[in-house]
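Chemist:
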Amino acid sequence: MLEFVVPALNLKAIMPQLLLALTALTVLLVDVFAGKEGKTSLGSLSLVGVAFALIALFMTRGSFESAYAGMLMADGFGFFITLIVCCVTFLTILASMNYERICPDIKAGEYYCLLLFAALGMSFMGNAGNLIMVFVALETMSISIYVLAGFKRDNLKSIESALKYFLLGAFASGFLLFGFALVYGASGTLDIVKLGIFFTAHPETLHHPMVLGGIALMTVGFGFKIAMFPFHMWTPDVYEGAPTVITGFMATGVKAAAFAALIRVFFVGFGALQVDWTAIMWLAALLTMTIGNLVAISQTNIKRMLAYSSIAHAGYILIAFVVGTDLARSAVLFYLLGYAFANIGAFAIVSAMGKKGEEYSKLSDFCGVGFKYPFLGLMMTVFLFSMAGIPPAAGFMGKLFIFSEAIKSGYIWLAVFGVINSVISLYYYLGVVVRMYFQEPEREISIITPAGTMIAALSLAAFGVLQMGMFPSYIWNLARESAKMIM
Amino acid sequence: MNELGFPIISLVTFFPIFGVLILMFIDKDAKDTLRGTAMVFAMIEFFISLPLLFSFQNGTADMQFVERYTWIKSAGLSYFVGLDGISIWIIILTTFLTPLCVLCSWTYIEKRVKEFMICLLLLETAMLGALVSLDLILFYVFWELMLVPMYFLIGVWGGDNKIYAAVKFFIYTAAGSVFMLLSIFFLYYLNHKTTGVYTFDLLELYKLNIPVSIQFWLCIAFFISFAIKVPMFPLHTWLPDAHVQAPTAGSVILAGVLLKMGAYGFMRFAIPLFPYASHKFTPVIAVLAVIGIIYGALVAMVQPDMKKLVAYSSVSHLGYVMLGIFAFNMQGVEGGLYQMLNHGISTGALFLIVGMLYERRHTRMIKDFGGIAKVMPIYATFFMIATLSSIAVPGTNGFVGEFMILVGAFRTFPIFAVLATSGAVLGALYMLWMYQRVMFQPLDKEENKVLKDLNAREIVTLLPLAILVFVMGFFPGYFLRKMDASCEHFLKTYQQQVAMYEQGLEESGTARLTAVLEECNLKSTLLD
Chain L
-7 MLEFVVPALN LKAIMPQLLL ALTALTVLLV DVFAGKEGKT SLGSLSLVGV AFALIALFMT
53 RGSFESAYAG MLMADGFGFF ITLIVCCVTF LTILASMNYE RICPDIKAGE YYCLLLFAAL
113 GMSFMGNAGN LIMVFVALET MSISIYVLAG FKRDNLKSIE SALKYFLLGA FASGFLLFGF
173 ALVYGASGTL DIVKLGIFFT AHPETLHHPM VLGGIALMTV GFGFKIAMFP FHMWTPDVYE
233 GAPTVITGFM ATGVKAAAFA ALIRVFFVGF GALQVDWTAI MWLAALLTMT IGNLVAISQT
293 NIKRMLAYSS IAHAGYILIA FVVGTDLARS AVLFYLLGYA FANIGAFAIV SAMGKKGEEY
353 SKLSDFCGVG FKYPFLGLMM TVFLFSMAGI PPAAGFMGKL FIFSEAIKSG YIWLAVFGVI
413 NSVISLYYYL GVVVRMYFQE PEREISIITP AGTMIAALSL AAFGVLQMGM FPSYIWNLAR
473 ESAKMIM
Chain Y
15 MNELGFPIIS LVTFFPIFGV LILMFIDKDA KDTLRGTAMV FAMIEFFISL PLLFSFQNGT
75 ADMQFVERYT WIKSAGLSYF VGLDGISIWI IILTTFLTPL CVLCSWTYIE KRVKEFMICL
135 LLLETAMLGA LVSLDLILFY VFWELMLVPM YFLIGVWGGD NKIYAAVKFF IYTAAGSVFM
195 LLSIFFLYYL NHKTTGVYTF DLLELYKLNI PVSIQFWLCI AFFISFAIKV PMFPLHTWLP
255 DAHVQAPTAG SVILAGVLLK MGAYGFMRFA IPLFPYASHK FTPVIAVLAV IGIIYGALVA
315 MVQPDMKKLV AYSSVSHLGY VMLGIFAFNM QGVEGGLYQM LNHGISTGAL FLIVGMLYER
375 RHTRMIKDFG GIAKVMPIYA TFFMIATLSS IAVPGTNGFV GEFMILVGAF RTFPIFAVLA
435 TSGAVLGALY MLWMYQRVMF QPLDKEENKV LKDLNAREIV TLLPLAILVF VMGFFPGYFL
495 RKMDASCEHF LKTYQQQVAM YEQGLEESGT ARLTAVLEEC NLKSTLLD
């Protein structure tokens, strides 16, 4: 008789993700069965779920194993990415609970459910040990985000945003999948670790057209998700149209997850080819940050401006990617977290700038906000200065780690271009501060007083930004430890 | 830990932050409470900084009151602070000027008093932090942090063209300093390569021997950053804009302390870290300093706006400071340091004086005044004292500083010293001419006839400065003694280092020559 062995379920390895998934399903069920009162608690329910996922995550800290036949890597690197994702999701949910009052469309069970599933996808992208797993996680995340981007159903821009993101995203996924297929054809495996072993053992296959073509196509696919030049064109339109809190979620969570997958696939899988892709990525980093910063200057809508700024930040992170040492990867993790706090915070403030059915996202709407709404103004200033890399904020420390590592590894020109770009970016970040504090309001705007959840979200994000800027020791050591533990 | 067994420097540095926290909880409409609280904190701050001065050891060039805690161990970052004879007086100047700034803004600032006072106190912490930092990254953090409150001071409470001035100020300075940051990283990396230790500790990095070719590049990055701050010709263009637009308190701090940061940076960081490159750049700096002196004076002469005139006179005065430092002898360096203090006092006083007139008449144009001395005799007296100090009349502090600088400069580069002397003549010309046009001449404008003389608060603001002008003019010894040991040490290490590099270069040059000769010999023997 054929014996069937039940594979051991390693629940510990996927505990945080499991909790996220369970919460998402619970939210969906509560939405169906609970009455009107139950619906208002969906946000809180999701919050609790994410909080539990965070606790579970810290309980698995230090684990270093591959589970489910190599499909999943429960290692330090995945740990840190999941940490970023959980923080981002937590803050997004908090901000959404306030945003519900401005944009009633998102007041639905599906909203929080999709948010949690997107987070699940992101987390798995950071943990994926197999190219197929990368793809499945990427799609879980992307499809949820496509829907979320179009959640303002009767708003044309939102629909445009969703459609554009979906169409281009589908193409990008196609590229990515085709790249995986070519690599599989050349090496006979989809397991990332085995790919690395294969290429070390057979260096003659490294420059086979199928491998090179596969890598090129994968670069396109990942480049699209991280908004790398020249695959960044969709970013401003999608960011502008999507519900504002979702934009913040996309700009931070999606970027972190895509960078995680990019780093794992390229460094673990194709580490032997590093010399070859360095030159291309060098140029991509330079162009990504320069174009992002230059175009951001001329924007009149703050969401578009922040979209271009997020492109520029992808450029800075690519510098560390090019450098490619252990410390540089730690710097990527640190930077991603610091950037996530600042960016989520900034988008949360933009999302708070509105009243029922109307949002103020033009830059000129920010005139005089600093003194009219002192708390929002102060918080925005902290976040913008962090993104501009002014101490003592997380952005400065992140740039310090990236640029010092670049100099150490001899990428002096890249570091020089990086700091030149930081100075360019000052101009438009300061521009918002100038409007908030130095100019008189152009028109009367009145916004709904931010709810307690919004204040909590902003305070937490600002705490994160300042903590990482002034006492970075803990997070930096965590990032170093995590980056070392990559399988 | 240190001489006092107490983290006095940290207390002095971060005490204004307590003030900020208290101010945050005061109602923003209780303006007098806000002003009073800020004043109390600024005064306490001044008094707790005095022990630094009194327990300062004159005889040693070592860092004093040192505190050191780990910040990020793995990256070699530490919270490392201390002071020596180079920084002690600038620190005292900072804590001394801040209460005066609060006082002079008492009625000048009516709008958003709370935020104003918060910015002022934050700025004080940032400036003190930059002056005591002995860890390069810590220094950079405070250095950049100084920009933020100043940016708000100019941008929120400034004049008509405030946004342009504030953004220009910020971007100009930040652009200069990011290259310094890269240069710091390079030093960090170089230090690790030679000693195997990751550290940003300034005193450790002093010991580093940097290959000459690299040294020049690193040095240029530091120089540009500090030269913008000083500001040296031709990087000075942000200064007149910032000064003219800033509120009086902002101008006083800007002139009194922020500009000193540049010159201080040269003495604390750029020159000791890159002695050989500094040595090679000396002629360039000296030429730029002399151009600054004369150009600043000439441009000041033709200004119709009193504040702009004083701003350009700063360019000229800071030129003297740089000339003195780069003379690299005892008189020059000490004179430069002394002139930094003088400039803080005399130019600070001048900005206060111009601000007081502006508060009354809402104009700063020289042509709108005339005969003011008749209606405001007390004002005229203070104005005269500040003017005399600024043009370095014997008996005032300015004389001591300028004299020492010129003596020092004359020993090193006589021609430049002669040219610089013409700046002193021009200085007397534009200051006295302005004084004459504003204070004397017929009192023919109706608005000017009813001007009130200084009130008690304004007298209290100006009196300490006026007294210091004479104290520093008659008893420079007390001030200079505290600088002696550090300046001597600064010069000695500089000269040793330069000699060492030159010898090293010579040796390597000889080695190369010998190698070539040997090769030739070899070839000739082969041919034979």
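So the protein lines, in turn, are chains L and Y.
Using the numbering used here, read the first sequence as starting at -7 and increasing by one per residue.
Using the numbering used here, read the second sequence as starting at 15 and increasing by one per residue.
Glycine included, each C-beta is placed from N, C-alpha and C at the ideal position.
If I follow the unbroken alpha helix (DSSP H) through Y:THR84, where does it start and stop?
Modeler: Taking the first residue of the second sequence as position 1, residue 84 of chain Y is located at position 70. Looking at the DSSP string, Y:THR84 is not in any alpha helix (DSSP H); the run it does join, the beta strand (DSSP E), is 78 to 86.
Chemist: Report the residues of the region 122 to 155 of chain L with a CB closer than 8 Å to any CB of chain Y, ordered along the chain.
Modeler: Cβ contacts with chain Y: none found.
Chemist: What number of angstroms, rounded off, separates the C-alpha of Y:ILE23 from the C-alpha of Y:LYS294?
Modeler: To locate residue 23 of chain Y, count along the second sequence from 1; it is residue 9. To locate residue 294 of chain Y, count along the second sequence from 1; it is residue 280. C-alpha separation (whole angstroms): 36 Å.
Chemist: What are the boundary residues of the beta strand (DSSP E) that includes L:GLU57?
Modeler: Position 65 of the first sequence, counted from the first residue, corresponds to residue 57 of chain L. 57 to 59 is the span of the beta strand (DSSP E), which, as asked, contains L:GLU57.
Chemist: Quick check: the region 196 to 215 of chain Y against the region 417 to 434 of chain L, are there 3 or more CB pairs under 8 Å?
Modeler: With a cut-off of 8 Å, the region 417 to 434 of chain L and the region 196 to 215 of chain Y do not count as touching, because too few Cβ pairs lie within range.
Chemist: Quick check: the Cα distance between L:SER401 and L:VAL315, rounded to an integer number of angstroms?
Modeler: For the purposes of this step, residue 401 of chain L is taken as the residue at position 409 of the first sequence. For the purposes of this step, residue 315 of chain L is taken as the residue at position 323 of the first sequence. Using only the alpha carbons, I get a separation of about 7 Å.
Chemist: Under 8 Å Cβ-Cβ, which residues of chain Y neighbour L:ALA407?
Modeler: In the first sequence, counting from the first residue as 1, residue 407 of chain L sits at position 415. Simply LEU196, PHE199.
Chemist: Looking at chain L, is there any beta carbon in it that lies within less than 9 Å of the beta carbon of Y:ARG282?
Modeler: Mapped onto the second sequence, residue 282 of chain Y falls at position 268. Chain L, which has no Cβ nearer than 9 Å to the Cβ of Y:ARG282, makes this no.
Chemist: Keeping to the same chain, check which residues put their C-beta closer than 8 Å to that of Y:LEU6; ignore five residues upstream and five downstream.
Modeler: Because chain Y is modelled from 15 through 542, residue 6 of chain Y falls outside the range shown and cannot be assessed.
Chemist: Helix, strand or coil, according to DSSP, for Y:VAL181 in the structure here?
Modeler: Indexing the second sequence from 1 puts residue 181 of chain Y at position 167. If DSSP states are grouped into helix, strand and coil, Y:VAL181 belongs with the helices.
Chemist: Alpha carbon to alpha carbon, how far is Y:VAL407 from Y:ARG49? Give it in angstroms, no decimals.
Modeler: Within the second sequence, the letter at position 35 stands for residue 49 of chain Y. Within the second sequence, the letter at position 393 stands for residue 407 of chain Y. About 36 Å.
Chemist: From the beta carbon of Y:LYS176, is the nearest beta carbon of chain L less than 9 Å away?
Modeler: Locating residue 176 of chain Y in the second sequence gives position 162, where the first residue counts as 1. It does; some Cβ of chain L falls within 9 Å.
Chemist: Below 7 Å on C-beta distance, what does L:LYS400 contact in chain Y?
Modeler: Your numbering for residue 400 of chain L matches position 408 in the first sequence. Near L:LYS400 (Cβ distances below 7 Å), the residues of chain Y are TYR203.
Chemist: Ignore the nearest five residues each way along the sequence and tell me which others in Y:ILE36's own chain have a CB closer than 8 Å to its CB.
Modeler: If you number the second sequence from 1, residue 36 of chain Y lands on position 22. If we look at Y:ILE36 and ignore the five residues flanking it on each side, its Cβ neighbours are THR51, PHE55.
Chemist: Less than 9 Å separating the beta-carbons of Y:THR475 and Y:LEU134?
Modeler: Along the second sequence, one-based indexing puts residue 475 of chain Y at 461. Along the second sequence, one-based indexing puts residue 134 of chain Y at 120. The answer is no: Cβ separation not under 9 Å.
Chemist: Tell me whether the region 92 to 103 of chain Y and the region 115 to 131 of chain Y touch, counting them as touching only if at least three CB pairs, one residue from each stretch, are closer than 8 Å.
Modeler: No, the region 92 to 103 of chain Y is not in contact with the region 115 to 131 of chain Y.
Chemist: Give the DSSP-derived three-state secondary structure of Y:VAL95 in the structure shown.
Modeler: In the second sequence, residue 95 of chain Y corresponds to position 81, counting from 1. Y:VAL95: strand per DSSP, three-state reduction.
Chemist: For L:LEU470, which residues from the same chain have a beta carbon less than 6 Å from its beta carbon, with the 5 sequence-adjacent residues on both sides left out?
Modeler: Your numbering for residue 470 of chain L matches position 478 in the first sequence. Here the set comprises nothing.
Chemist: Where does Y:SER227 land, buried or exposed, given buried means 16+ other C-beta within 10 angstroms?
Modeler: The residue labelled residue 227 of chain Y in the question sits at position 213 within the second sequence. It is exposed - the Cβ of Y:SER227 has fewer than 16 other Cβ atoms within 10 Å.
Chemist: At a CB-CB cut-off below 7 Å, which residues of chain Y make contact with L:ASN469?
Modeler: Reading the first sequence from its first residue, position 477 is the one you call residue 469 of chain L. What L:ASN469 touches in chain Y: SER88.
Chemist: Helix, strand or coil: which one does DSSP assign to L:LEU64?
Modeler: Looking up residue 64 of chain L in the first sequence gives position 72. In the structure shown, L:LEU64 sits in a strand (DSSP, three-state: E or B).
Chemist: What is the DSSP secondary structure of L:LYS347, reduced to helix, strand or coil?
Modeler: For the purposes of this step, residue 347 of chain L is taken as residue 355 along the first sequence, with counting starting at 1. L:LYS347: strand per DSSP, three-state reduction.
Chemist: Rounded to the nearest angstrom, what separates Y:ASN469 and L:GLU351 at their Cα positions?
Modeler: Looking up residue 469 of chain Y in the second sequence gives position 455. Looking up residue 351 of chain L in the first sequence gives position 359. Distance between the alpha carbons of Y:ASN469 and L:GLU351: 51 Å.
Chemist: Where L:SER414 and L:ALA380 are concerned, what is the direct C-alpha to C-alpha distance, given to the nearest angstrom?
Modeler: Position 422 of the first sequence, counted from the start, is the residue given in the question as residue 414 of chain L. Position 388 of the first sequence, counted from the start, is the residue given in the question as residue 380 of chain L. Taking the straight line joining both Cα atoms gives about 6 Å.
Chemist: Between which two residues does the alpha helix (DSSP H) carrying Y:LEU272 extend?
Modeler: By one-based count along the second sequence, residue 272 of chain Y stands at place 258. Segment: none, Y:LEU272 is in no alpha helix (DSSP H) and carries neither H nor E.
Chemist: I'd like to know whether the C-beta atoms of Y:LEU159 and Y:THR109 end up nearer to each other than 9 Å.
Modeler: As a working note, residue 159 of chain Y is residue 145 in the second sequence. As a working note, residue 109 of chain Y is residue 95 in the second sequence. Taking 9 Å as the Cβ cut-off, Y:LEU159 and Y:THR109 do not qualify as a contacting pair.
Chemist: Nearest chain L C-beta to Y:GLY210 closer than 9 Å, yes or no?
Modeler: Position 196 of the second sequence, counted from the start, is the residue given in the question as residue 210 of chain Y. Taking Cβ atoms only, chain L never reaches closer than 9 Å to Y:GLY210, which makes this a no.
Chemist: On the DSSP bridge assignment, give the partners of Y:LYS243 in chain order.
Modeler: The residue you call residue 243 of chain Y lines up with position 229 of the second sequence. Paired residues: none, contrary to the question.
Chemist: Hey, quick one: how far does the alpha helix (DSSP H) through L:GLU196 stretch, first residue to last?
Modeler: Translated into positions along the first sequence, residue 196 of chain L becomes position 204. First-last for L:GLU196: undefined, no H or E at that position.
Chemist: My guess is that Y:ALA180 and Y:GLY173 are in contact by the Cβ rule of under 8 Å, so how many angstroms apart are they, rounded?
Modeler: In the second sequence, the residue the question calls residue 180 of chain Y occupies position 166. In the second sequence, the residue the question calls residue 173 of chain Y occupies position 159. Between Y:GLY173 and Y:ALA180 the Cβ distance is about 11 Å, and since that is not below 8 Å, they are no contact.
Chemist: Just list the residues that DSSP pairs Y:MET379 with in beta bridges.
Modeler: Here residue 379 of chain Y refers to the residue found at position 365 of the second sequence. According to DSSP, Y:MET379 bridges with Y:ASP319.
Chemist: Among L:ALA26, L:HIS194, L:ILE85, L:SER55, which has the Cα closest to the Cα of L:MET446?
Modeler: Translated into the one-based positions of the first sequence, residue 446 of chain L becomes position 454. Per the Cα distances, L:ILE85.
Chemist: Under three-state DSSP, which class holds Y:MET57?
Modeler: Here the question's residue 57 of chain Y lines up with position 43 in the second sequence. In this structure, Y:MET57 counts as helix in the three-state DSSP scheme.
Chemist: Would a C-beta distance cut-off of 9 Å place Y:ILE285 and Y:PHE214 closer than the cut-off?
Modeler: Start at 1 with the first residue of the second sequence, and residue 285 of chain Y comes out as number 271. Start at 1 with the first residue of the second sequence, and residue 214 of chain Y comes out as number 200. Contact flag unset, no.
Chemist: Quick one: what's L:LYS354 bridged to in DSSP?
Modeler: On the first sequence, position 362 is the one that residue 354 of chain L refers to. According to DSSP, which records beta bridges pairwise, L:LYS354 is partnered with L:ASN293.
Chemist: Expressed to the nearest angstrom, what Euclidean distance is found between the alpha-carbon atoms of Y:MET374 and L:VAL342?
Modeler: On the second sequence, position 360 is the one that residue 374 of chain Y refers to. On the first sequence, position 350 is the one that residue 342 of chain L refers to. Reading off the sequence shown, one finds Arg at residue 374 of chain Y, where the question assumed Met. Their Cα atoms are separated by approximately 42 Å.
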